[in-house]
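For the record, in the sequence shown the residue sitting at position 143 is 143 according to this note's numbering, with numbers rising by one throughout. For reference, the structure is listed below as structure tokens.
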Amino acid sequence: MFDVAFSELLIIAVVALIVIGPQRLPKVARTAGVLLGRLQRYVTSVKADINREIQLDELRKLQAELAESARKLESQVGAGVSGVQRSLDDTAQSLNATAASLSSGVTAAVSAPAAEAVSATPAAAASAASASDIPAASWTAESFAAAFGGAETDPAKAPLAPPVPAAQVANESKV
């Protein structure tokens, strides 16, 4: 720290011995040692505080970088999720369109032979007409399963005509 040679220390000691005197020199040396020890501890404390502040700054920078990385990752995951959601929505729309076209084909196939077979009875003609009144675009897998009374959602395996409510059959039989 200080560039003091041995000869310079010897000159300082001789001057201190002459100025202070031989009786008070040990007390002064002890006091100087205590003060130098305090000074040394203070300097060490200041160095530790500075190092701690430097580490805190580094940690803050690292925390900011990690937060930025987390935000980027969150936005990437959000974009991926929205892409998957769009894909699922497109698939659901195409499945609904396929189900609608199949149900309209099933309804058309049922209504043509049923109309020929039941043209003799007006009640049967009315029930065939009511089956074709169901809009095909409104069929979903859930409504298809509910209409045909089961968990079977494959239109090819379903019955040919949707069930007619009992109240409607009773009203038509009175006609």
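For glycine and all other residues, C-beta sits at the position ideal for the given N, C-alpha and C.
| Query | Result |
| --- | --- |
| Can you find the residues in the same chain that come closer than 8 Å, C-beta to C-beta, to residue 71, ignoring five residues on each side of it along the sequence? | none |
| Could you check what DSSP says for residue 5 in three-state terms: helix, strand or coil? | coil |
| Using the Cβ count rule (16 or more neighbours within 10 Å means buried), how would you classify residue 106? | buried |
| Going straight from the alpha carbon of residue 84 to that of residue 48, what length do you get? | 53 Å |
| Does the separation of the CB atoms of residue 17 and residue 9 fall below 8 Å? | no |
| Just verifying my parser: in three-state terms, what is the DSSP assignment at residue 21? | coil |
| I want to see whether chain B comes within less than 8 Å of residue 78, judged by CB atoms only; does it? | Absent from the structure is chain B; it holds one protein chain and no more. |
| CB residue 28 to CB residue 20, shorter than 8 Å? | yes |
| Apart from the five residues on each side of it in sequence, which residues of its chain come closer than 6 Å, Cβ to Cβ, to residue 98? | none |
| Could you check if residue 103 is buried or exposed, using at least 16 other CB atoms within 10 Å of its CB as the buried criterion? | buried |
| By Cβ distance, which residues of its chain are closer than 7 Å to residue 120, with the 5 residues on each side in sequence left out? | Only weak support exists for where residue 120 lies, its pLDDT of 49 falling under 50; the value from the coordinates is given anyway. Here the set comprises nothing. |
| Got a sec? Which residues, its chain only, sit under 6 Å from residue 129 by beta carbon, not counting five neighbours each side? | Confidence at residue 129 is low in this model, with a pLDDT of 48, below 50, so the placement of that residue is unreliable and no value is reported for it. |
| Can you list, in chain order, the residues of its chain with a C-beta nearer than 6 Å to that of residue 6? Leave out the 5 residues immediately preceding and following it. | none |
| My output table needs one value for residue 15: the three-state DSSP class, helix, strand or coil. | helix |
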